[in-house]
Structure formats: C-alpha cells, structure tokens
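Encoded as structure tokens, the structure appears first; notes follow it.
There are 2 protein chains.
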Amino acid sequence: MAGTDRRRKSEAADFCREDAPAIILVEPQLGENIGMVARAMLNCGLIDLRIVNPREGWDRDKAEKCSSGARLVLDRARFFTSTKEAVADLETIYATTARPRDMVKAMVTPRQAAKESVELATRELKTGILFGKEAKGLHNDDVAMCDAILHLPLNPAFASLNLAQAVLLIGYEWYTMNDDTEERYIPETRSKMARPATKEEVIGFYEHLERELDDSGFLRIEEKRPSMVRNIRNIFARVELTLQEVQTLRGIVAFLSNGRSGGPGKGK
Amino acid sequence: MAGTDRRRKSEAADFCREDAPAIILVEPQLGENIGMVARAMLNCGLIDLRIVNPREGWDRDKAEKCSSGARLVLDRARFFTSTKEAVADLETIYATTARPRDMVKAMVTPRQAAKESVELATRELKTGILFGKEAKGLHNDDVAMCDAILHLPLNPAFASLNLAQAVLLIGYEWYTMNDDTEERYIPETRSKMARPATKEEVIGFYEHLERELDDSGFLRIEEKRPSMVRNIRNIFARVELTLQEVQTLRGIVAFLSNGRSGGPGKGK
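Protein chains in written order, with UniProt numbering: chain A, 1 to 268; chain B, 1 to 268.
The structure is reproduced here in structure tokens:
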C-alpha cells in the first residue's frame, strides 16, 4: 500500500543525518550495485548519494529492486559529470582504494574516518567517501584530490569486497560512532513478571529448594551442608533471576518433590 | 592455474584463526547465501563454518561461485542435523536475531561479542554465532540455548541485512579486535625520495621561496614581511613534506621565477 510505504520510508529517513558522510560512486557500472549501495547506506543512516558518470544505460529499475526498499536514497541521488564537481562542497574527502605505491598519503581506518567525520560535523564541515569503478578502483587523479586513503582492515590475502559491502562497513562505523547502544544489557520486556526478582523473592526460592533438599536427604552430610548450600546458591546468583523465573523454579522444585513428599506446593 | 590458486588459498588461510568464532547457519535456504557467507568469513579471517539442515537440494556449485574464491571455507564446512550438535563443543554462543519479546536475555553489540570472543579464546574457550533461516530468523528454541543475543546497531527503521552482510559486520568486529593497524598513519613508499625531508631541506626551500618573493616585490611592505613569511612557512609546515616534494616545490619556484629574473634554478 502506498500509504504504508510512505510511512515506512519516512521513518527510515528519520534516522538519517544530513551531516553524515556523502557516498560518492565514481563511474559505477551496474544498477544492481548502485541499488545495493543505497540499501547499505540506509542501513547506516546515510542519505547523501552522489554518482559520477555512471555507465551509460545502467539499469535504474534493477537498482531500485536491489535497494530492498531504500528508494528514498536513490530518489535523492545526485549525478555529476566530474569528481571535482561531486566533491565541491565537501571539506574532507577519503578515497577507498588499495594503497597507491608511489603517493605519499595518510591512511586511515574506517573507525578513524568515522571519528573525524563526526568531529568535523560538529564544526559544520562535511566529509565524503569516494568509491571507484567496480574491480578497477579509483583513478589516481581522484585519489590525489583526497585528504586520506580509507583502508579497510581485513584478511590481507582475501580483502576484496563488493561496493555495497565496503559502503556497509564504512557506514556501520559512522553509525555506531553516533549510537549509544550499551555494549551489553538486558532489555526490559513488556511482562510485569519479567522484572528482576527482589532478594526476598530469590532467597525465598533458595530456602524452598534447601528445605526440599534437606527432606530428600541430598544435604544429609552435616559438615558438607554449608558449602553445598553456598555452591547451589551461587549457581542461581549468577543468573539475575526475574520474578517469573523464581516462580518457575519454585514450581520445578515443588513438582520434583511431589512423588516423594506429597502434592506440589507442599514445601511452601 | 591450479598452482597459483593453491598458493593464493593457503595465504588467505594463514590469516584465519581456529580460535575465531564459529559461524553456524541454521537451515540456510540458498547456496548463493552460503557462498557469500564463506566469502565474508574469509574476508574476516573466520574459517569454522557449520551448517545445520540446509534446504534439500541447495546448490553447492552456486555456493562456490558466490564465494568469490573462498572455497577453503566451503571445503572445511561441517554439516549437522541439529543445532544442539553443531554447538556441542562451544562454550559461549550468540544468537543473531531480532530481540525476542518475551525472553529475558542479555543483548550484546558485535563489538562486545568480539571482545568477549577474544577474551574467551585466551582461556581456550570457543564461541559461536548462530544465524537463522533467511527472512525467518532463528527458532525460539535455538535462541533459548544461546548465552546472549547479538544485536547489530543499525538504522532501526531499516535494519534488515542479508546473511553475508551480517556475517561480514560481525566478522569485521572480530578481525579489527585482533588487528593492530594504526588509526591514521602515512605508510612508507619504496622510493628513497619519499623519505620525510630534513629540516635543513625544508628550510632551504622556505629560504629559496622567500628570496624569490623578495626579488619579485611580493614581500615589499617591510612591516608586514615577518608575519607574511611566518604564514607562508606555516602552510607548508602542516604538510610533512618528503624530499621529493621539497625538490618539486623548489622546481616550481624556480620555473615560476623564470620569466621574471632569469633562467630556472637561478635563485639557488
């Protein structure tokens, strides 16, 4: 549906930033690659696609199909007849290319380029990243215009990526530079029972379990009992149990004890 | 050529590590995707591919074609009939999946998972990363087996990646965690002239330029001369000139001065 479609697109655009690096494709050959680049860009919140002299007759329909719905990037793409024009308004540009043997030029990692892009953006300066023709790379003249060469750290004996993958890795570094996702966390769920259990609830479970273990004879060796209890408590202490999970565990204990000492729930 | 081919492959394998995370594809549907995953793995130095119940009749030839030469990963791939068997020897496993609504489960970024994998490897513990069926993702039962969910920070309204791209981003984080490429550096070139110029060579150029600027009248206003000279020196001081570049600049000055004051090289 057009309506749904429009809504989805505008949401994806909401996470894009005008001050993100421009992606500049110099002489791309295939509509498929342009489309997949658009997709990778939108994945990473990049919206400024610039295309210099694409191969005549590149297939716009194929580009759109391969963009997996990133049409808004293709719709906003701008076309240029020279790299010079494509980068005219940018302050810093990076070349993605193999290290040129006889140029003296700074090399940067994608993480460093992302850091610099973010820093430059705070001063309202904009960066761009140049990608050359599939398989052939950038012209040396275009590389010479660039401030630095962006080198992807990958298996040196197997480093070749397709255009969209290179855009994805570089865009990902930029996106994560701006992203504040915690490295490791346990998200809240909608269920009220999913709240972390209080210590009273957790200790209630421990005591329930230990009563049943006493009853069953598992803890019968007096002098070993304290350390066994501590070891068992430490297993569950590592888990950060929720209230739901405490109740599940109490149910397990009750049911397992059932055949031995009466109905479930007996060992309250 | 077979010989060349073999040499290239063994070189790519040299940068792979057995203690890197295993990549576990659960019920992959298309040979193309398996091939592209193998390529992304080799890009990132990952070599341990495990495949659980691929779709019957998946195309091994297509996989090889789409692997762009990463056959050694495909050749070493192991096949399993259950996820349980595929992960049996691993100590920590991560699920790549959308956040399940009603599970209480730690979420980690790919960078954090990479950090943990490297740390666990130092204790000879091995990690694995589970990927579900294209478009469908992992079964909840497989997710429940995992220690944490690996969540890729991307445009939340446009986060869908294909299998190989997800493997690439995760593998890239692992590879860079082990990689010591400097964030920014100027590599040495083979040319002897590309060595950084000494201060004597650089100052020789400054003085040459300033003599010609004096001769030409550019620095004629006495009270402004010192600050103009400093400003000009500061332009070039930011460049970290090589010997070659100093000589090029002296040539430029000589030739530009040529029409004015005699032959090139006059202003020695």
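C-beta: ideal position from N, C-alpha, C; glycine also.
Please report how far the alpha carbon of residue i lies from the alpha carbon of residue j, in whole angstroms.
i, j, result
"Thr189/A", "Pro226/A", "36 Å"
"Met1/B", "Met36/B", "Low local confidence applies: a pLDDT of 36 at Met1/B is under 50, so the model's placement there is unreliable, with the coordinate-based value given in what follows. Those two C-alpha atoms are separated by around 23 Å."
"Arg230/A", "Tyr206/A", "10 Å"
"Arg184/B", "Glu119/A", "15 Å"
"Arg195/A", "Thr242/A", "5 Å"
"Leu72/B", "Phe236/B", "50 Å"
"Arg211/A", "Asp180/B", "55 Å"
"Val104/A", "Asp215/B", "32 Å"
"Glu182/A", "Ile149/B", "13 Å"
"Leu125/B", "Ala95/B", "17 Å"
"Asp142/B", "Thr83/A", "49 Å"
"Arg55/A", "Phe255/B", "41 Å"
"Asn140/B", "Ile186/A", "17 Å"
"Lys62/A", "Glu32/A", "5 Å"
"Gly3/B", "Asp14/B", "Any reading at Gly3/B is ruled out, since the residue's pLDDT is 41, under 50, leaving its predicted position unreliable."
"Ile233/A", "Glu240/A", "Correcting the residue type first, residue 233/A is Arg in the shown sequence and not Ile. Cα-Cα distance, rounded: 12 Å."
"Arg260/A", "Leu209/A", "14 Å"
"Arg99/A", "Asp147/B", "40 Å"
"Leu213/A", "Thr248/A", "17 Å"
"Arg101/B", "Met107/A", "43 Å"
"Ala22/A", "Tyr175/B", "26 Å"
"residue 269/B", "Ile34/B", "In this structure chain B extends from 1 to 268, so residue 269/B is not present and cannot be described."
Going by the DSSP bridge assignment, what does residue i pair with across the sheet?
i, result
"Tyr94/A", "Ile129/A and Ala148/A"
"Arg184/A", "Val108/B"
"Thr176/A", "DSSP, once it has assigned bridges, lists no residue as partnering Thr176/A."
"Val52/A", "Val26/A and Phe80/A"
"Thr242/A", "Pro196/A"
Measure the CB-CB distance between residue i and residue j and report whether it falls below 8 Å.
i, j, result
"Ala135/B", "Leu152/B", "no"
"Gly137/B", "Thr109/B", "no"
"Gln244/B", "Met193/B", "yes"
"Arg39/A", "Ser67/A", "yes"
"Pro28/B", "Lys115/B", "no"
"Leu46/B", "Ala12/B", "no"
"Ala197/B", "Val253/B", "no"
"Leu25/B", "Val52/B", "yes"
"Leu90/B", "Thr127/B", "yes"
"Leu163/A", "Phe131/A", "yes"
Measure from the C-beta of residue i to each C-beta in chain A and report whether the shortest distance is under 8 Å.
i, result
"Glu11/B", "yes"
"Thr109/B", "yes"
"Thr189/B", "yes"
"Gln112/B", "yes"
"Asn33/B", "no"
"Lys136/B", "no"
"Val104/B", "yes"
"Thr242/B", "yes"
"Ala70/B", "yes"
With DSSP collapsed to three states, give me the class of residue i.
i, result
"Thr248/B", "helix"
"Arg211/B", "helix"
"Gly57/B", "coil"
"Thr189/A", "coil"
"Pro196/A", "strand"
"Gly171/A", "helix"
"Gly137/B", "strand"
"Pro226/A", "helix"
"Asp19/A", "coil"
"Leu74/A", "helix"
"Leu256/A", "helix"
"Val37/B", "helix"
"Asp142/B", "helix"
"Asp89/B", "coil"
"Asn43/A", "helix"
"Asp14/A", "helix"
"Ser216/B", "helix"
"Phe236/B", "helix"
"Glu64/B", "helix"
Any beta-carbon of chain B closer than 8 Å to the one on residue i?
i, result
"Gly45/A", "yes"
"Phe131/A", "no"
"Arg184/A", "yes"
"Phe236/A", "no"
"Phe205/A", "no"
"Gly128/A", "no"
"Leu168/A", "yes"
"Asn155/A", "yes"
"Thr248/A", "no"
"Tyr94/A", "no"
"Phe218/A", "no"
"Asp14/A", "yes"
Run the proximity test for residue i: is its beta-carbon closer than 7 Å to any non-hydrogen atom belonging to the ligand HEM?
i, result
"Asp142/A", "Inclusion of the ligand HEM in the displayed structure is not the case, the ligand content being empty and no account of it being possible."
What residues from the segment 37-65 of chain B come within 7 Å of chain D, judged by C-beta to C-beta, listed N to C? No chain D appears in the structure shown, which is made up of the protein chains A and B.
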